[in-house]
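Chemist:
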Ligand SMILES: [Zn+2]
């Protein structure tokens, strides 16, 4: 399925385009699309006043884009909580379902869902859930890919993108997991997991979409 405008807005929000400039390359990696598709969509988003694009510097959400993205993220993450808490889905099986449901969600439906779920603040992947006005708690800006040997921390959130979520679950790494960085190179970062003492390699493009707290 080709990602649509809404998927781009969500991805830009998730990888930090709410407060900082992000690159085309980061969107390419997040959505698994070509650089040409990203350029084309960014041009459209600029025309519609959802993002600003400063050549050679990056892309950032405008106030309009931020509100739209936050509400899309809200819909997606509320459905994720519903699927896990109310329907008993395993955490690694909810992304695609939430992806379908979010596009059919009206603001009233999202508000009712939030109330029924007790106004949850985080999705099962550790992402913040914005309120009905698009406000949300601060989220980590520290990428796992940026860490150095000896850094210790825990995984705060994984970008809501199937490729990243499936990858990390297949490795047996979870949101909240504490780790120490034991090696890095141009391709991967190696973590020792505090819980099991096991070492896992995470490739850098994926590690760039995993946010941590030190
Ligand atoms: Zn999520």
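Residue numbers (my numbering): 2 to 215.
We treat Cβ as the ideally placed atom computed from N, Cα and C, and that holds for glycine.
Note that the structure is predicted; figures quoted are calculated from it, not measured.
So, helix, strand or coil for residue 77, using DSSP?
Modeler: Here residue 77 sits in helix by DSSP.
Chemist: Three or more C-beta pairs closer than 8 Å, one from the region 80-97 and one from the region 132-147: is that the case here?
Modeler: They do not touch, by the three-pair rule.
Chemist: Going by alpha carbons, who is nearest to residue 73 out of 138, 108, 57, 198?
Modeler: Answer by Cα proximity: 108.
Chemist: Could you check where the alpha helix (DSSP H) with residue 19 kicks off and where it finishes?
Modeler: Unbroken run through residue 19: none, as it is neither H nor E.
Chemist: Report yes if the C-beta of residue 125 is less than 8 Å from at least one heavy atom of ligand 1; otherwise report no.
Modeler: Indeed, a heavy atom of ligand 1 lies less than 8 Å from the Cβ.
Chemist: Quick check on the burial criterion: 16 or more other C-beta atoms within 10 angstroms. Buried or exposed for residue 27?
Modeler: That one is buried.
Chemist: Express the C-alpha separation of residue 25 and residue 40 in angstroms, rounding to a whole number.
Modeler: Those two C-alpha atoms are separated by around 7 Å.
Chemist: Can you round the beta-carbon distance between residue 137 and residue 150 to whole angstroms, since I take them to be within the 8 Å contact cut?
Modeler: That belief does not hold up - the Cβ atoms of residue 137 and residue 150 are roughly 33 Å apart, past 8 Å.
Chemist: So what's residue 202 in DSSP terms, helix, strand or just coil?
Modeler: If DSSP states are grouped into helix, strand and coil, residue 202 belongs with the strands.
Chemist: Would you check if the distance between the CB atom of residue 103 and the CB atom of residue 115 is smaller than 9 Å?
Modeler: Against a cut-off of 9 Å, the Cβ pair of residue 115 and residue 103 comes out as no contact.
Chemist: Going by beta carbon distance, what residues of the same chain come within less than 7 Å of residue 190, once the five residues before and after it are set aside?
Modeler: Closer than 7 Å at the Cβ level, and outside the excluded window around residue 190, lie 145, 146, 148, 182, 203, 205, 208.
Chemist: Decide if the region 74-88 is in contact with the region 34-53; the criterion is three or more beta carbon pairs, one per stretch, under 8 Å apart.
Modeler: Judged by Cβ distances under 8 Å, the region 74-88 makes no contact with the region 34-53, as fewer than three pairs qualify.
Chemist: Going along the chain, which residues of its own chain have a beta-carbon closer than 8 Å to the beta-carbon of residue 214, five neighbours each way excluded?
Modeler: Only 141, 143, 154, 155, 157 meet the Cβ criterion.
Chemist: Assign residue 12 to buried or exposed, taking buried as 16 or more other Cβ atoms, counted over all protein chains shown, within 10 Å of its Cβ.
Modeler: Buried, since its Cβ has 16 or more Cβ neighbours within 10 Å.
Chemist: Have a look at 175, 97, 196 and flag the residue whose alpha-carbon is nearest the alpha-carbon of residue 163.
Modeler: If we check each option's Cα against that of residue 163, 97 comes out closest.
Chemist: Suppose you measure from the CA of residue 201 to the CA of residue 44; what does that come to, to the nearest Å?
Modeler: Between residue 201 and residue 44, the C-alpha separation is close to 39 Å.
Chemist: Output needed for residue 79: all residues of its chain with C-beta closer than 7 Å, excluding positions within five of it in sequence on either side, in chain order.
Modeler: Hits under 7 Å: 111, 114, 115, 118, 130.
Chemist: When every heavy atom of ligand 1 is checked, does at least one fall within less than 8 Å of the C-beta of residue 128?
Modeler: The answer is yes for residue 128.
Chemist: Can you list, in chain order, the stretches of the alpha helix (DSSP H) that have 4 or more residues and sit fully within the region 42-88?
Modeler: DSSP runs (the alpha helix (DSSP H)) wholly in the region 42-88: 64-86.
Chemist: Applying the criterion that 16 or more other CB atoms from any shown protein chain within 10 Å of the CB defines a buried residue, is residue 8 buried or exposed?
Modeler: Residue 8 is buried by the Cβ-count criterion.
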